[in-house]
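Per our numbering, the sequence shown starts with residue 12, numbered consecutively.
Everything below concerns the one structure shown next.
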Amino acid sequence: MHDIAIPTTLADVCAVRDLALDRIKRAYELLDTAKDALEGVTRYAWPYEGSPRNSYQHTVSEIDARLWRDAFDKTNFLLLMDEEAKRRFFEDVEKKAPPFTMENIRSTFLTLSQEADAMFVRGLVNVFRRLSKDHRTNTNSPFKVNDRAILPYMVSLRFRGGLEVNYRSSERLNDLDRVFKVLAGARHQPRVLEHAINAVFVVDNRYEDDFYEIRGFRNGNMHLRFKRADLLEKANRLIGEYYDGNALASSGKEARP
12 MHDIAIPTTL ADVCAVRDLA LDRIKRAYEL LDTAKDALEG VTRYAWPYEG SPRNSYQHTV
72 SEIDARLWRD AFDKTNFLLL MDEEAKRRFF EDVEKKAPPF TMENIRSTFL TLSQEADAMF
132 VRGLVNVFRR LSKDHRTNTN SPFKVNDRAI LPYMVSLRFR GGLEVNYRSS ERLNDLDRVF
192 KVLAGARHQP RVLEHAINAV FVVDNRYEDD FYEIRGFRNG NMHLRFKRAD LLEKANRLIG
252 EYYDGNALAS SGKEARP
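Right, dumping it as structure tokens:
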């Protein structure tokens, strides 16, 4: 379903990381040597600002965290994650980033590649589980995706007039767009939809493209119509298979292929 590959450039990134860490370590050691030499002459010669604010290990961890975030973006794994999954990923990386080495990269991405489809479907279900509460008309299935939805708290009044997407809820809109673009096999660029809507909402409360018809209201509601019936059918099929498969698994029955 998804085209995910580990760019060969990650090997180059690892090589540059090793070179950079070696130089940073030597820089820390040279600073320590300079500090010791001056303090051997007088206690107050070394300025407070002369020492790095963070320890060498803290610097290494920060570099590794940034490299992991960049690698996930370049390999398109972030396209498979909903807002909650991305938040957990970034929190985990911030707390304890594993060394950015080829061994860890291969291990991590091999595991994730095997789980890519399931990861995307879980994210899709989470997106529409929240959206289902906002549908004007629901079917007997609580997670049936209809072609129209009312999303509250999605629109704000612009300071200089007009409307705009509420920045506190913008990630929710980004999640919706991500899911539909991936289902369509189209490229998703984070927040491009939000920016396009805001450009229109300055003068008009109606936005339309090949995927959506969107209206914003001063009460904060956003009325959204999905124009691609084929994508709704795909989404509903995946949601149905997700719940059917989970129900069968929990009852000990074999899931249908």
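Each residue gets a CB set at the ideal place from its N, CA and C atoms; glycine is no exception.
These numbers were taken from a predicted model, which means no experiment stands behind them.
### Message
Looking only at its chain, what residues have a beta carbon closer than 7 Å to the beta carbon of E182, apart from the 5 residues adjacent to it on each side?
### Response
On the sequence shown, position 171 is the one that residue 182 refers to. Taken in chain order, the residues that qualify are E94.
### Message
Report the start-end ranges of each alpha helix (DSSP H) in the segment 80–107 that is 4 residues or longer and not cut off at the edges.
### Response
94–106
### Message
Check whether the segment 237–250 and the segment 196–207 are in contact - that is, three or more C-beta pairs closer than 8 Å.
### Response
Contact fails: fewer than three Cβ-Cβ distances are below 8 Å.
#### Entry: Boundaries of the alpha helix (DSSP H) in which M113 is found, first to last residue
The sequence position of residue 113 within the sequence shown is 102, counting from 1. Where M113 is concerned, the enclosing alpha helix (DSSP H) stretches over 113–125.
### Task
Report the rounded CA-to-CA distance for L42 versus N65, giving the unit in angstroms.
Counting from 1 along the sequence shown, the entry for residue 42 is found at position 31. Counting from 1 along the sequence shown, the entry for residue 65 is found at position 54. Cα to Cα, L42 sits roughly 13 Å from N65.
### Message
Suppose contacts are defined by Cβ-Cβ distances below 8 Å. Is N209 in contact with E175 by that definition?
### Response
As a working mapping, residue 209 is identified with position 198 in the sequence shown. As a working mapping, residue 175 is identified with position 164 in the sequence shown. Yes. Within cutoff.
### Query
For the alpha helix (DSSP H) that E40 lies in, which residues bound it at each end?
Locating residue 40 in the sequence shown gives position 29, counting from the first residue. Its alpha helix (DSSP H) spans residues 20–52.
### Message
Contact between the segment 86–106 and the segment 55–64 is defined here as three or more beta-carbon pairs at a separation below 8 Å; is this criterion met?
### Response
no
### Message
For D221 and L235, what's the separation of their Cα atoms in angstroms?
### Response
Within the sequence shown, residue 221 is the residue found at index 210, counting from 1. Within the sequence shown, residue 235 is the residue found at index 224, counting from 1. Approximately 13 Å between the Cα atoms of the pair.
### Range of the contiguous beta strand (DSSP E) that encloses R236
As a working note, residue 236 is residue 225 in the sequence shown. Following the DSSP letters along the chain, one finds R236 inside the beta strand (DSSP E) bounded by residues 233–237.
### Task
Take every Cβ of the segment 103–119, pair it with every Cβ of the segment 134–142, and state whether three or more of those distances are shorter than 8 Å.
No: the two stretches stay apart, fewer than three of their Cβ pairs being nearer than 8 Å.
### Message
One question on the structure: do T86 and F120 come within less than 8 Å of each other, judged by their Cβ atoms?
### Response
Here residue 86 refers to the residue found at position 75 when the sequence shown is read from its first residue. Here residue 120 refers to the residue found at position 109 when the sequence shown is read from its first residue. Yes, the Cβ-Cβ distance between T86 and F120 is below 8 Å.
### Query
Would a C-beta distance cut-off of 8 Å place L90 and V193 closer than the cut-off?
Numbered from its first residue, the sequence shown carries residue 90 at position 79. Numbered from its first residue, the sequence shown carries residue 193 at position 182. Yes, they are a contact pair.
### Query
Does DSSP put Y223 in a helix, a strand or coil?
The residue given as residue 223 occupies position 212 in the sequence shown. If DSSP states are grouped into helix, strand and coil, Y223 belongs with the strands.
#### Entry: Collapsed DSSP secondary structure at R217 in the structure displayed
By 1-based counting over the sequence shown, the position of residue 217 is 206. Reduced to three states, the DSSP call for R217 is strand.
### Query
Which partner residues of V287 appear in the DSSP bridge assignment?
Since the first and last residues shown for the chain are 12 and 268, residue 287 lies out of range.
### Query
Since I161 sits in a beta bridge, which residues does DSSP pair it with?
Working through the sequence shown from its first residue, we reach residue 161 at position 150. DSSP, once it has assigned bridges, lists H234 as partnering I161.
#### Entry: Residues near S180 by beta carbon distance below 7 Å, same chain, minus five either side
Position 169 of the sequence shown, counted from the first residue, corresponds to residue 180. Here the set comprises Y164, M165.
### Task
Taking only the alpha-carbon atoms, compute the straight-line gap between L168 and Y178 and give it to the nearest angstrom.
Your numbering for residue 168 matches position 157 in the sequence shown. Your numbering for residue 178 matches position 167 in the sequence shown. Their backbone Cα atoms lie some 11 Å apart in a straight line.
### Message
Using only the alpha-carbon positions, how far apart do L10 and V71 sit?
### Response
No information on residue 10 is available, as it lies outside the stretch 12 to 268 that the chain covers here.
### Query
By how many angstroms is the C-alpha of A197 removed from the C-alpha of N157?
Counted from its first residue, the sequence shown places residue 157 at position 146. Counted from its first residue, the sequence shown places residue 197 at position 186. Distance between the alpha carbons of N157 and A197 is about 21 Å.
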